[in-house]
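When we follow this note's numbering, the leftmost residue of the sequence shown carries the number 384, and every step to the right adds one.
Okay, structure first, notes after.
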Amino acid sequence: MKGKQLQLPLYLIASILFGLKTYIVYVFVFKLSIENGLQAIILLINPFVSAFVFYGISVWLKDKNQRRFICYGTLVGSIILWANVMFYRDFTDFITIPILFQASNAVDVGNSAVSLVSLSDLVLFIDVIIIWYISSKYKDRITTHYARKNKLLVVSLSIVLLLGNYLLAELERPQLFQSTYDREYLVKNIGVYNFHLYDIVQQSFTTSQRAFADGTKIPRIKEYVNANVKSDEESELFGIAKDKNLIFVSLESFQSFVIDNTLNGEEVTPFLNELKDNSYYFENFYHQTAQGKTSDSEFLIENSLYPLPGGAVFFVRGENEYDAMPEILGEQGYYSAVFHANDSRFWNRNVMYDSLGYDNFYDESAYEVTEQNTVGWGLKDKEFFDQSIKYLQSMSQPFYSKFITLTNHHPFELSAEEASIQKFNSESETVNNYFQTVRYTDEAIKQFFDELKQAGLYENSIIVLMGDHYGISAYENEALGEYLDKELTDYDTVQLQRVPFFIHIPGEDGKVMSKIAGQIDVKPTLLHLLGVDTKGDINFGTDLFSDDRKEFIALRDGSFVSDEYVYTKESCYDRDTGELMEVDLGLDKLSACGPIEEKVLKELNYSDEVVYGNLLRFNE
Ligand code: GP9
Ligand code: MN
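Dropping the structure here:
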């Protein structure tokens, strides 16, 4: 066959290959769910539309440059896709611009991600190889002229395709851009590459939001909070722990499903199970974090504000004015300190802790960290508590201290000698390992309680334990489903966002609290126990001991839980049974969840306005 016979435009080949590859990733890696025919069509066309529009730019270039544009464009596009794939495995989420700027986190997050790299990722670069190969070996069989002659056609087609895609998406999900925090939804409708473009525009918008903000929004937000969030009366427990030390322990990646559960007939968390008997234990308590993970959960508990829909608020708004627990307690004569054996710059903590009003941060440099006492992400939890006690003893009382554990962090490594429970047996190493590090942390907490008693700090303190966020991402639903012995649905995924929350007040009986609750409620709850009034504050959570409570717990992607319903991914479920009520009809909000959904979005928006606009600087 002579070269002249086969004349294929390179940009079309590239568009088809790249579109196809992206589609395959959507279906098999991101596992984007499809609820109806229209969604299926949108999902299928958007990768090809994006690819065509992108490669279409090349028709303005001459032969050699056109080939270069296409070759390098394919390489860059593939790297972007690959980065999203790696990120997705750990976070079940897509990369956003602020995440990329969190340079000081890159190393650790990178390490965790590298453990997720697999050889099969090379498949993602097959089209790069093909395109580079044919554009150098078969120069005469591909044409770049055709494309150049039809510039106008290509441009018009690009515009038509883009508009078509957008219109379909609007049809499927009206006000796609106004009403959703759900990145999966955006990606499903406009594609992962356009999502990145959208994200860039959005980030610049929120940056200008701060510059133009003034105090005029405060009264409206306060009015909302007073009318919808705040409880009118103090609970019976108000002031019960007045002037006591507050010891808060953030339990890394700890989910509620392990509590009272067993593996091979053995309790997974024997100490915490026992602790339930003499603590307030909240069994329907949800984490509300997003991309900022632990740091987001810290943000929630210190401020009773929501973290941001994209990026970690510790980075994006680390230098805002806040009205946080350390500062408020400081005014009550408390000394405050964080204990966390990691680099102080990680998650921008060194900057944020100043903004929150902490007096001291015992970071990695305060600990003796050796190869023997380290596993996974750093100092082992037992060592961590062991070495912390002396600092705690030397602190002036009353104090507020926050401990952040680390051992139960993905990929949940632990040496065989230190493991006191067997691994689970499934396809997923992550799920298998999880039980061992959870058990280890359970033992570390037990040890910490003993040490507090020995140090004479126990009696005069209240001890609060809270899981920071999920440890097993929805990506592992199949293996986790094996352990839980059921096929996990989107409803279950929301229910799995429950994390343990204990308030242990020595000398008090405590009980199991079943009402829905979340991290947003921690600040008002703890401040009330310590007898601190929160009337003038802008808090989006409520005292969990009061009867007068908000009707929903909002997750950061717009999903929510109410007494009756669980709402997620456009579907409304019965909270008790997990049965699908009906699919949300978008425009008309006909679903049972509709009215609450509106409130949820309103509340998340208010909180975002406060944070993006740095509005607390205007609040007296
Ligand atoms: C590390 C700690 C845990 O310092 O924040 O990491 P994360 O859970 O946020 O990935
Ligand atoms: Mn964490």
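We treat Cβ as the ideally placed atom computed from N, Cα and C, and that holds for glycine.
Predicted, not measured: the structure shown is a model, and the values here were computed from it.
Give the DSSP-derived three-state secondary structure of residue 371 in the structure shown.
It is not possible to answer for residue 371, since the shown part of the chain is limited to 384 through 1003.
For residue 535, the nearest candidate out of 616, 786, 443 (CA to CA)
443
Could you pull out every residue in the same chain whose Cβ sits closer than 8 Å to the Cβ of residue 841, ignoring the five residues on either side in sequence?
832, 835, 889
Within 10 angstroms of the Cβ of residue 411, are there 16 or more other Cβ atoms? Answer buried if so, exposed if not.
exposed
Between which two residues does the beta strand (DSSP E) carrying residue 737 extend?
Segment 732-739 is the alpha helix (DSSP H) holding residue 737; no beta strand (DSSP E) there.
Unbroken beta strand (DSSP E) run spanning residue 778, endpoints:
Per DSSP, residue 778 belongs to no beta strand (DSSP E) and is neither H nor E.
Bridge-paired residues (DSSP) for residue 928:
Answer is none; residue 928 lacks a bridge partner.
Closer than 7 Å by C-beta to residue 715: which residues in its own chain qualify, once you throw out the five before and the five after it? Chain order, please.
915
Presumed contact (8 Å Cβ cut-off) between residue 551 and residue 424, rounded CB distance
7 Å
The segment 643-651 in contact with the segment 938-957 per 3-pair CB rule at 8 Å
no
Straight-line CA distance for residue 647 to residue 818?
11 Å
What does the alpha-carbon distance come out to for the pair residue 638 and residue 660?
19 Å
If you draw a straight line from the alpha carbon of residue 998 to that of residue 951, how long is it in whole angstroms?
30 Å
Comparing alpha-carbon positions, which option in 623, 1001, 996 lies nearest residue 589?
996
Residue closest to residue 827, alpha-carbon to alpha-carbon, out of 656, 765, 650:
765
From the DSSP output, in three-state form, read off residue 901 for me.
strand
Rounded separation between residue 724 and residue 753 - CA only
12 Å
Hey, residue 421 and residue 554 are a contact pair by Cβ (cut 8 Å); roughly how many whole angstroms apart?
7 Å
Own chain residues within Cβ distance below 6 Å of residue 631, not counting five before or after:
785, 847
On the premise that residue 711 lies in contact with residue 910, defined as a C-beta separation below 8 Å, what is that separation, rounded to the nearest angstrom?
7 Å
Limits of the beta strand (DSSP E) - the one that residue 887 falls within:
884-887
May I have a chain-ordered list of the alpha helix (DSSP H) segments no shorter than 4 residues that lie completely inside the segment 561-613?
566-573, 575-595, 601-607
Within this structure, are the beta carbons of residue 574 and residue 430 separated by less than 7 Å?
yes
With respect to 6 Å, is the separation between the Cβ of residue 676 and the closest non-hydrogen atom of the ligand GP9 below this value?
yes
Check for me: the beta strand (DSSP E) holding residue 703 runs from which residue to which?
Looking at the DSSP string, residue 703 is not in any beta strand (DSSP E), and its letter there is neither H nor E.
Could you tell me the distance, in whole angstroms, from the CA atom of residue 956 to the CA atom of residue 977?
12 Å
Pairing CB atoms from the segment 738-746 with CB atoms from the segment 808-818, are three or more of them under 8 Å?
no
Are the CB atoms of residue 693 and residue 713 nearer to each other than 7 Å?
no
According to DSSP, is residue 951 part of a helix, a strand, or is it coil?
strand
Pairwise C-alpha distance: residue 439 and residue 537
6 Å
Quick one: Cα of residue 606 to Cα of residue 599, how far?
12 Å
Would you kindly work out how many angstroms separate the C-alpha atoms of residue 613 and residue 932, rounded to a whole number?
7 Å
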